[in-house]
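Chemist:
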Amino acid sequence: MKVDFQFKNIIILILFNLFLIHTIHSQTIRQLESQAVNEYREIDEDLNIVYKKILLMYADDYEFIEALRSSQRNWIKFRDSEVKMKYPKEDKGFYYGSSYRMCVNYYLAELTSKRIKTLNQWLDGTEEGDLCSGSIRISMIFKTNKNGDIV
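Numbering (the working numbering), first residue to last: 9 to 159.
1. With distances taken from CA atoms, which of Q129, I84, K100 is nearest A117?
2. For I146, list the residues DSSP reports as bridge partners.
3. Within 10 angstroms of the Cβ of I20, are there 16 or more other Cβ atoms? Answer buried if so, exposed if not.
4. Taking one C-beta from the stretch 103-115 and one from the stretch 61-78 each time, how about it: are there three or more such pairs within less than 8 Å?
5. Could you check what DSSP says for G105 in three-state terms: helix, strand or coil?
6. Write down the C-beta distance between L131 and K61 rounded to the nearest angstrom, noting that I regard them as a contact closer than 8 Å.
7. Are there 16 or more other CB atoms within 10 angstroms of the CB of L119, so buried, or fewer, so exposed?
8. Over what stretch of residues does the alpha helix (DSSP H) that includes L76 continue unbroken?
9. For the putative contact between K94 and Y115, defined by C-beta atoms under 8 Å, what is the C-beta separation to the nearest angstrom?
10. Can you tell me whether I146 is buried or exposed, with buried defined as 16 or more other CB within 10 angstroms of its CB?
11. Does DSSP put E53 in a helix, in a strand, or in coil?
12. Do you know how far the Cα of D138 is from the Cα of S121?
13. So, helix, strand or coil for C111, using DSSP?
14. Using CA coordinates, which residue listed in V58, G105, E136 is at the minimum distance from L76?
15. Could you have a look at A117 and say whether DSSP puts it in helix, strand or coil?
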């Protein structure tokens with residue numbers, strides 16, 4: 009009788025521990041997912057700011073603006089295709105587990121950061137004499153000597 013009582017207590021203790029582990033794991037995954045979503049949202053906002061600045065800075069160049077808009081639409085298709093290639097299975101939860109959404113958002117953030125780096129070339133400009141600058145304008149940052157004179 010005493011053995012049966014101890015066995016029930018052990019089973020209850022094991023089940024309780026499994027419940028705690030599952031709860032802690034679920035909270036951790038949710039927290040990480042939330043962090044990944046927030047990171048991607050911030051980077052996506054940064055991308056939109058860079059894009060809008062370029063539109064303003066190059067507003068007088070109609071051909072460039074049309075090319076930029078086309079490039080951005082195509083980049084969005086590329087980004088979405090990259091995610092689909094990395095996670096192609098239909099049943100995402102089954103194949104990639106509970107961290108799928110977190111991983112997708114981190115990957116989106118990575119791809120978006122690379123796009124920002126590319127677009128920043130049009131904001132930062134290039135040095136005069138760059139033969140391959142294309143539509144990137146010459147940087148308006150002037151070099152000065154120690155007296156503040158433009159050199």
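Glycine included, C-beta positions come from ideal geometry on N, C-alpha and C. Keep in mind it's a predicted model, so treat the numbers as computed, not measured.
Modeler: With the structure as the only source:
1. For A117, the closest C-alpha among the options Q129, I84, K100 is that of I84.
2. T134
3. Counting Cβ neighbours within 10 Å, I20 comes out exposed, since fewer than 16 surround it.
4. no
5. coil
6. 6 Å
7. buried
8. 70-94
9. 6 Å
10. exposed
11. helix
12. 25 Å
13. helix
14. V58
15. A117 carries a helical assignment under DSSP once its states are collapsed to helix, strand and coil.
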